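Peer 1: My structure is below; once you've seen it, I'll send some questions.
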Ligand SMILES: C[S@@+](CC[C@H](N)C(=O)[O-])C[C@H]1O[C@@H](n2cnc3c(N)ncnc32)[C@H](O)[C@@H]1O
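In the numbering used here, the protein residues as written are 454 to 749.
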């Protein structure tokens, strides 16, 4: 299935917006140094989805040559269109992380963000080592969900909305596990060991935390606050869309319409409160682990 990820796991739009909010101008020194992107480098992002990260690196370090690769055709088509829209010159190509369509020793840097947990580690790193130049760097970024702050004060799904949501997901709830999503997730401390086993040296570990949802914070502009709230909305709506792709008859048309309405009402009310100056302090954060190594 060429569009498996965007159809059944996360839509391109959902991923692009969430990464845009996670890796911002304000925290760029944190994530640029964790990745290790350098001026003049030939860089490969593996599992790039809609290309949000590639676009950002190119924006801050324009004299890099960046290629993004992903298995999902819709992600890659989106990334190409978005590059034209933004006037940013990156290369995007569809391909498999386990069979990269590049010559040996092509890149100075290979990095990935929230991809390693879905792919067997050994062949994933072996293939990156093959396409890296000697002295080239691998960086594996992963979000440590259990270390992130949850948005405790955000108006939670409850009542009829929750019942319909659970009904939509009834038959779909084992889908991710059945398709090996997150199957290769490992403890933080195992990532450096995997890179050592793959033959990388000079292993280093970094962690950083970003506030990717804090609409009430004084340093967040109105425009970003709206994006943050709507990014949450898109996440929930995409989740319903995913459940109904997996089990299309889980809800009647009327139930589906009602569920979408209730979800939208909840987010509209959150936006109303924001506009009225009523603060909820429903902030949350993401903590990112970056493990890197050098090809000897
Ligand atoms: C959790 S998403 C992360 C996407 C992107 N790195 C980001 O953070 O927005 C995982 C991505 O890995 C891609 N992917 C999964 N298996 C892959 C493979 N074998 N080769 C290339 N891409 C793959 C999926 O299509 C998806 O876009």
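Yeah, the Cβ is synthetic: ideal placement off N, Cα and C, and Gly gets one too.
Here the structure is a predicted model, which means the values were calculated and not measured.
1) Please tell me whether residue 501 and residue 545 are closer than 9 Å, where the distance is taken between their beta carbons.
2) Which residues in the same chain have their Cβ closer than 7 Å to the Cβ of residue 570, if we skip the five residues on either side of it in sequence?
3) Under the assumption that residue 577 contacts residue 551 (Cβ atoms under 8 Å), give the Cβ distance between them as a whole number of angstroms.
4) According to DSSP, is residue 558 helix, strand or coil?
5) Whole angstroms is fine: what's the gap from residue 733's alpha carbon to residue 671's?
6) Determine whether the beta carbon atoms of residue 589 and residue 560 lie at a separation below 9 Å.
7) Quick one: residues in its chain with C-beta nearer than 6 Å to the C-beta of residue 507, no 5 flanking neighbours on either side, listed in chain order?
8) Could you check if residue 587 is buried or exposed, using at least 16 other CB atoms within 10 Å of its CB as the buried criterion?
9) Along the chain, where does the alpha helix (DSSP H) containing residue 685 start, and where does it finish?
10) In chain order, what residues of the same chain lie with their CB nearer than 6 Å to the CB of residue 581, ignoring the 5 residues before and after it?
11) Using 10 angstroms around the beta-carbon of residue 457, count the other beta-carbons present and answer buried if the total reaches 16, otherwise exposed.
12) Applying the 10 Å Cβ sphere with the 16-neighbour rule, what's the burial state of residue 609?
13) Distance, Cα to Cα, residue 476 vs residue 616?
14) Closer than 7 Å by C-beta to residue 574: which residues in its own chain qualify, once you throw out the five before and the five after it? Chain order, please.
15) DSSP puts residue 666 in a beta bridge; with which residues?
16) Taking 9 Å as the cut-off, decide whether the C-beta atoms of residue 504 and residue 536 are in contact.
17) What separation, rounded to the nearest whole angstrom, lies between the Cα atoms of residue 623 and residue 689?
18) With distance defined between alpha-carbon atoms, name the residue in 657, 630, 523, 534 nearest to residue 643.
19) Quick check on DSSP: helix, strand or coil for residue 607?
20) So does residue 581 have its beta carbon nearer than 8 Å to some heavy atom of ligand 1?
21) By a C-beta neighbour count over all protein chains shown, 10 Å radius and 16 as the cutoff for buried, is residue 482 buried or exposed?
22) Could you spell out where the beta strand (DSSP E) holding residue 523 opens and where it closes?
Peer 2: Checking against the coordinates, here is how it stands:
1) Locating residue 501 in the chain shown gives position 48, where the first residue counts as 1. Locating residue 545 in the chain shown gives position 92, where the first residue counts as 1. For residue 501 and residue 545, yes; Cβs fall inside 9 Å.
2) Against the chain shown, residue 570 aligns to sequence position 117. Taken in chain order, the residues that qualify are 595, 635, 637, 638.
3) The sequence position of residue 577 within the chain shown is 124, counting from 1. The sequence position of residue 551 within the chain shown is 98, counting from 1. About 7 Å separates the two Cβ atoms, so the contact holds.
4) Reading the chain shown from its first residue, position 105 is the one you call residue 558. The answer is coil: DSSP assigns residue 558 none of H, G, I, E or B.
5) Residue mapping note: residue 733 aligns to position 280 of the chain shown, counting from 1. Residue mapping note: residue 671 aligns to position 218 of the chain shown, counting from 1. Using only the alpha carbons, I get a separation of about 13 Å.
6) Position 136 of the chain shown, counted from the first residue, corresponds to residue 589. Position 107 of the chain shown, counted from the first residue, corresponds to residue 560. Residue 560 is positioned such that its CB atom lies closer than 9 Å to that of residue 589.
7) Along the chain shown, read from residue 1 onward, the residue named residue 507 stands at position 54. Cβ within range, chain order: 498, 501, 519, 521, 543.
8) By one-based count along the chain shown, residue 587 stands at place 134. Classification of residue 587: exposed, given that the 10 Å Cβ count is below 16.
9) Taking the chain shown and counting its residues from 1, the one referred to as residue 685 is at position 232. First-last of the alpha helix (DSSP H) with residue 685: 675-699.
10) On the chain shown, position 128 is the one that residue 581 refers to. These residues qualify, in order along the chain: 563, 591.
11) For the purposes of this step, residue 457 is identified with residue 4 of the chain shown, where counting begins at 1. Result: exposed.
12) As a first step, residue 609 must be located in the chain shown, where it is residue number 156. Residue 609 comes out exposed.
13) Position 23 of the chain shown holds residue 476. Position 163 of the chain shown holds residue 616. Each residue's alpha carbon lies about 34 Å from the other.
14) Your numbering for residue 574 matches position 121 in the chain shown. If the five residues before and after residue 574 are omitted, its C-beta is found closer than 7 Å to the C-beta atoms of 637, 647, all from its own chain and listed in chain order.
15) Here residue 666 refers to the residue found at position 213 when the chain shown is read from its first residue. DSSP output for residue 666 lists 737 as bridge partner(s).
16) Within the chain shown, numbered from 1, the residue matching residue 504 stands at position 51. Within the chain shown, numbered from 1, the residue matching residue 536 stands at position 83. In this structure, residue 536 lies closer than 9 Å to residue 504 by Cβ.
17) As a first step, residue 623 must be located in the chain shown, where it is residue number 170. As a first step, residue 689 must be located in the chain shown, where it is residue number 236. Distance between the alpha carbons of residue 623 and residue 689 is about 16 Å.
18) In the chain shown, counting from the first residue as 1, residue 643 sits at position 190. The candidate whose alpha carbon is nearest that of residue 643 is 657.
19) Counted from its first residue, the chain shown places residue 607 at position 154. Residue 607 falls in the coil class under three-state DSSP.
20) Position 128 of the chain shown holds residue 581. Within the chosen limit of 8 Å, ligand 1 does not reach the beta carbon of residue 581 with any heavy atom.
21) Within the chain shown, the letter at position 29 stands for residue 482. So residue 482 counts as exposed.
22) Position 70 of the chain shown, counted from the start, is the residue given in the question as residue 523. Start and end: 518-523.
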